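Notes follow the structure.
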Amino acid sequence: MLAAGAALLLSGSAQATDSGAKSAGVPQPCSSLSLLALGRHWFWGSSFDRQALGDAHMVQLVKTHAAVLVPENALKWEVVNPRPGVRDLSDFTALVARFGPSGMRFRGHPLVWHEQLPSWLERAAPATLREHLHRHITWLVGVHRGRIHSWDVVNEPLAHDGQGLRASLWFHALGPGYIAEALRWARAADPHAQLVINDYGLEGDDSVSLLKRKSLLNLVRDLQQQGAPLDAIGLQAHLRASAQEPTFKSLPAFLAELRGLGLKIIITELDVSDHDLPSSVAERDRRIAQIYSDFLTVLVAEPGVEGIVQWGMSDRYTWLNQLAPRRDQTSQRPLPFDHALQPKPAFAAICAVLSNTSVAPGLGK
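Read in order, the letters of the sequence shown are residues 1 to 365 in the working numbering.
Right, dumping it as structure tokens:
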């Protein structure tokens, strides 16, 4: 039985919510994003953090609309190995206990990242980091062998300005070869898991996105020449709304290039920040819905796309309110459901694109 917060989703149209925002006009059938996505041979997923496990309505909302779950923090190094010799999977185990019985699949995130590292590792001698990384990947992938079907093996390896690789802890200690080594170690730990390189800022038409794409394609070709195992590219898709941006005219060609290199494409952390938009909820919701529509319209025309993961399903738990708060102190509204777990125009836009069997190919705004 659906929780009260999700019951409206089956009604076919959303009522006005939050400061007079208008009806989302949800089309039929739209009882489940994951079922609609399945009709396009996609999966639809969501991130989830342990802090929300006590929110029964939120749990039910995610079960209704997601087929794949990504632990937002539960598999990060600082959580699973907070002190030398201490391994703690309790946060992830709690997620599996709550969502696993419903048939939810799990993606692992992330194995190698320059953020959220335990303090003991950041203080470790550079000469020891290769062994620490090898041990970490071998353990974490191996202990979940056959249960986590896909891993973000290397997260955000590209420089923020698009100029080559990021000068991270791993790059400085191990050189650029750390990426190929991490992929090989992950493959050895679970030969059947999907191995992914995941990064942000690759979706739009802005100059930095175009530079990052070139850097990523150079990296992929180099890895393939080395024989390193790589199955897919993750585009985080933390999109940022403004009056005119982002646009996606150049995205189809980039996606086709990735497919041409034999790679699957996963949208791994989709949301749309309204940090730069006016205070009007109705205007923010309208603009965010349009961006979802523009972005997804490109994706449905690309056969290499395998699935979409939202970085949260509801504004109630979005990370943006902590890390990118709006200047007017109102809450950001980046996700398909509002703080009250009611569907928004973004949800209607997603449903419309997923339901449309005649979307024109390659038409991003």
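Even for Gly, the Cβ is constructed at its ideal location relative to N, Cα and C. Given the structure is predicted, the values throughout are model-derived calculations rather than measurements.
Cβ neighbour criterion (16 or more within 10 Å) applied to residue i
i: Thr268; result: buried
i: Asn218; result: exposed
i: Arg316; result: buried
i: Asp190; result: buried
i: Pro345; result: buried
i: Asp231; result: buried
i: Asp161; result: exposed
i: Glu122; result: exposed
i: Val62; result: buried
i: Ala348; result: buried
i: Gln226; result: exposed
i: Gln163; result: exposed
i: Val70; result: buried
i: Gln322; result: exposed
i: Ala6; result: Because Ala6 carries a pLDDT of 31, less than 50, the predicted location of this residue cannot be relied on, and no value is offered for it.
i: Thr128; result: exposed
i: His192; result: exposed
Check whether residue i and residue j have beta carbons under 7 Å apart
i: Ile288; j: Val272; result: yes
i: Leu53; j: Arg98; result: yes
i: Val153; j: Leu117; result: no
i: Pro334; j: Ile350; result: no
i: Phe48; j: Gly307; result: no
i: Asn198; j: Gly234; result: yes
i: Ala352; j: His275; result: no
i: Arg286; j: Leu277; result: no
i: Ala237; j: Glu203; result: yes
i: Asp205; j: Ser250; result: yes
i: His114; j: Leu169; result: yes
i: Leu341; j: Ser314; result: yes
i: Leu111; j: Trp139; result: no
i: Leu320; j: Gln332; result: yes
i: Arg213; j: Phe248; result: no
i: Asp105; j: His144; result: A small correction: the amino acid at residue 105 is Arg; Asp does not occupy that position in the sequence shown. Against a cut-off of 7 Å, the Cβ pair of His144 and Arg105 comes out as no contact.
i: Val298; j: Pro252; result: yes
i: Asn73; j: Val80; result: no
Range of the contiguous beta strand (DSSP E) that encloses residue i
i: Glu302; result: Taken as a continuous stretch (DSSP letters only), Glu302 belongs to no beta strand (DSSP E), as it is neither H nor E.
i: Val68; result: 68-71
i: Asp315; result: That residue, Asp315, is in no beta strand (DSSP E); it is neither H nor E in DSSP.
i: Gly108; result: 105-108
i: Lys264; result: 264-273
i: Val154; result: 150-155
i: Arg240; result: 238-240
i: Trp44; result: 43-48
Selection from the options that minimises the alpha carbon distance to residue i
i: Leu211; options: Ala67, Ile179, Leu158, Leu235; result: Leu158
i: Ile266; options: Tyr200, Leu169, Asp285; result: Tyr200
i: Pro126; options: Phe171, Pro252, Asp276; result: Phe171
i: Ala124; options: Glu203, Ala173, Phe92, Asp55; result: Ala173
i: Gly312; options: Gly39, Arg40, Arg50; result: Arg50
i: Ser215; options: Lys249, Leu38, Pro176; result: Pro176
i: Lys264; options: Ala167, Val281, Val305, Thr247; result: Val305
i: Gln244; options: His41, Asp294, Leu36, Leu129; result: Asp294
i: Tyr292; options: Leu239, Arg87, Ala228; result: Leu239
i: Asp338; options: Thr93, Thr247, Val281; result: Val281
i: Gly103; options: Gly45, Arg326, Ala193, Ser207; result: Gly45
i: Gly262; options: Gln224, Asn155, His149, Leu296; result: Gln224
i: Leu75; options: Arg326, Ile179, Leu89; result: Leu89
i: Val96; options: Val59, Gly85, Thr128; result: Val59
i: Pro84; options: Ser119, Phe92, Asp91, Glu72; result: Ser119
i: Arg259; options: Ser207, Gln290, Pro82, Val220; result: Val220
i: Asp222; options: Ser209, Ala241, Tyr178, Ala37; result: Tyr178
Limits of the unbroken alpha helix (DSSP H) element including residue i
i: Thr93; result: 90-99
i: Val80; result: 77-80
i: Ala232; result: Per DSSP, Ala232 belongs to no alpha helix (DSSP H); it is in the beta strand (DSSP E), 232-235.
i: His136; result: 129-143
i: Ile179; result: 178-189
i: Arg259; result: 251-260
i: Ile380; result: Outside the displayed range of the chain (1 to 365) lies residue 380, so it cannot be described from this structure.
i: Phe248; result: Where Phe248 is concerned, there is no enclosing alpha helix (DSSP H), given that its DSSP letter is neither H nor E.
i: Pro214; result: What sits at residue 214 in the sequence shown is Lys, not Pro. It spans 207-226 - the alpha helix (DSSP H) in which Lys214 sits, taken as one unbroken run.
i: Ala349; result: 345-355
i: Phe171; result: 169-174
i: Ala37; result: 33-38
i: Trp120; result: 119-122
i: Ala56; result: 56-65
Any non-hydrogen atom of the ligand FMN closer than 6 Å to residue i Cβ
i: Val208; result: Inclusion of the ligand FMN in the displayed structure is not the case, the ligand content being empty and no account of it being possible.
Open item on the list: Between the segment 65-78 and the segment 32-41, can you find at least three pairs of beta-carbon atoms closer than 8 Å?
Closed with: yes
- [ ] State whether the segment 170-189 contacts the segment 126-134, with contact taken as three or more CB pairs (one from each stretch) at a distance under 8 Å.
- [x] yes
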